[in-house]
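Asker:
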Amino acid sequence: MNGICCYLGLLAVFAAQIYNIPLSFSMLAYIAFECVVLAIGTAAVPSGGVIMATTLFTVLGFPLEIVAIVAGAYKIIDGIHTATNSIGDLVVSTAVAAREGVLDMEKYNDLTQSQLCGAEDPEAVLNG
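Printed below as a string of structure tokens:
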């Protein structure tokens with residue numbers, strides 16, 4: 001969940017600045033670690049970032065009032081997270097498949113040249 005990881009890190013720094021909480025390098029490293037752990041454990045549900053932000057702020061000892069402020073605008077941010085997560089998953093799965101040698105480059109090149117858009121039967125293009 002790439003989007004939520006970035007969001008939580010930015011939100012933690014934002015909250016620290018609002019509440020004048022000093023952030024040392026070790027605290028920033030801890031925030032980065034917690035964001036990665038929470039992003040790995042986040043379920044792909046709508047507005048899951050609000051719950052994860054609450055979890056992060058509880059762990060960090062930050063005031064939870066900032067979650068209420070940000071939750072109103074989260075619906076817009078959630079769409080950006082969905083796009084970021086989808087693109088990230090696609091890139092990583094393609095890279096792993098290519099590295100493992102299981103990516104059919106002929107089909108990959110056919111799909112990247114947008115042959116599906118004009119095909120009579122898209123399944124025929126996918127299945128060869």
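Sequential numbering of the sequence shown, starting at 1, is according to UniProt numbering.
Cβ atoms here follow ideal geometry from the backbone N, Cα and C, with glycine treated the same way.
1) Count Cβ pairs between the region 39-57 and the region 91-103 that sit closer than 8 Å; are there 3 or more?
2) Terminal residues of the continuous alpha helix (DSSP H) containing D104?
3) Compare the Cα-Cα distances from L8 to each of E106, N20, S47 and report the closest residue.
4) Between L38 and the rest of its own chain, which residues show a CB-CB distance below 8 Å, the 5 nearest in sequence each way excluded?
5) Would I80 and L60 qualify as a contact pair, given that the criterion is a beta-carbon distance under 8 Å?
6) Measuring straight from C-alpha to C-alpha, what distance separates N109 and A68?
7) So, at 6 Å on beta carbons, what are the nonlocal neighbours of I66 in its own chain, with the 5 sequence-adjacent residues on each side left out?
Answerer: Looking at the atomic coordinates:
1) Proximity of the region 39-57 to the region 91-103 falls short of the contact definition, fewer than three beta-carbon pairs being nearer than 8 Å.
2) Position 104 of the sequence shown, counted from the first residue, corresponds to residue 104. D104 -> no alpha helix (DSSP H), and no H or E assigned at all.
3) The count along the sequence shown starts at 1 and reaches residue 8 at position 8. It is S47.
4) Numbered from its first residue, the sequence shown carries residue 38 at position 38. Within its own chain, the residues whose Cβ lies closer than 8 Å to the Cβ of L38, once the five positions on either side in sequence are excluded, are I4, C5, L8, M52, T55, L56, listed in chain order.
5) Here residue 80 is taken as the residue at index 80 of the sequence shown, counted from 1. Here residue 60 is taken as the residue at index 60 of the sequence shown, counted from 1. No.
6) The sequence position of residue 109 within the sequence shown is 109, counting from 1. The sequence position of residue 68 within the sequence shown is 68, counting from 1. Roughly 46 Å separates the two Cα atoms.
7) The residue labelled residue 66 in the question sits at position 66 within the sequence shown. Hits under 6 Å: A15.
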